[in-house]
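S.K.: In this note's numbering, the protein residues as written are 224 to 382.
We put the CB at the ideal spot given by N, CA and C, even for glycine.
Keep in mind that this is a model prediction, so the values were computed, not measured.
(1) Report the three-state DSSP secondary structure of residue 354 (helix, strand or coil).
(2) Helix, strand or coil: how does DSSP classify residue 296 here?
(3) Is there contact here, the segment 361-373 with the segment 308-318, by at least three beta-carbon pairs under 8 Å?
(4) Which same chain residues, not among the five before or five after residue 263, have their C-beta less than 8 Å away from its C-beta?
(5) So, does the segment 281-298 touch the segment 235-248, judging by three or more C-beta pairs under 8 Å?
(6) Since residue 298 and residue 284 are thought to touch, with beta carbons under 8 Å apart, how far apart are those beta carbons, to the nearest angstrom?
(7) Within the same chain, show all residues whose beta-carbon is closer than 8 Å to that of residue 328, passing over the 5 residues directly before and after it, in chain order.
(8) Given residue 231, which residues of its chain have a CB within under 8 Å of its CB, disregarding the five upstream and five downstream residues?
(9) Who does residue 315 pair with in a DSSP beta bridge?
(10) Buried or exposed for residue 276, going by 16 or more other Cβ atoms inside 10 Å?
(11) Quick check on this structure: which residue in 241, 242, 342 has the alpha carbon closest to the alpha carbon of residue 269?
(12) Given this structure, state the Cα-to-Cα distance separating residue 241 from residue 356, to the nearest angstrom.
(13) Going by beta-carbon coordinates alone, are residue 326 and residue 280 separated by less than 7 Å?
(14) Is residue 367 helix, strand or coil by DSSP?
(15) Excluding five sequence neighbours on each side, which residues of the same chain lie with their C-beta closer than 8 Å to the C-beta of residue 368?
This is the structure:
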């Protein structure tokens, strides 16, 4: 680690500014597309998609909140809206009543399936199409390393 200067050098600053743009603007662009085409936010789509990819389309709410990088209260509000639309059903976990399970309903699965094509097309347009195959591989490697470092920091293992 460079301890010479407390500032980023010019190359680091360029990369950092580009990363900030992606971190801030990409979710906004995905939100805009999903609101326009599906009437849901990027966060809501992420919740539905994670449920759809889980075993039996069911997850504990605490696990779903963690995987969606959400607080329990925020996820609970989303679950209220989803239940009102018949996209999810909640019930106590039969193996441990302290937990609540969320299960994607058929209507919820239909919402994910209907929302996915335009969303995936937008992700491809914004993230993958501008890159060559080699750049995609390098980006994947770099982001995996950064994500692992950030996860360790959040879990208290950093520094």
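M.R.: In short, the structure shows the following:
(1) Residue 354: coil per DSSP, three-state reduction.
(2) Look at residue 296 here: in three-state DSSP terms it is helix.
(3) By the criterion of at least three beta-carbon pairs nearer than 8 Å, the segment 361-373 is not in contact with the segment 308-318.
(4) Answer for residue 263: 257, 271, 334, 338, listed in chain order.
(5) Touching, no.
(6) That pair is a contact at about 6 Å.
(7) For residue 328, same chain residues with a beta-carbon under 8 Å away, outside a window of 5 residues either side, are 309, 310, 311, 312 in chain order.
(8) Exclusion of the five residues before and after residue 231 leaves 239 as the residues of its chain whose Cβ lies within less than 8 Å of its Cβ.
(9) Paired residue(s): 323.
(10) That one is exposed.
(11) Of the candidates 241, 242, 342, 342 places its Cα closest to the Cα of residue 269.
(12) Residue 241 and residue 356: Cα-Cα distance of roughly 20 Å.
(13) At the C-beta level, residue 326 and residue 280 come within 7 Å of one another.
(14) Collapsing the DSSP output to three states places residue 367 in a helix.
(15) Correct list: empty, nothing qualifies.
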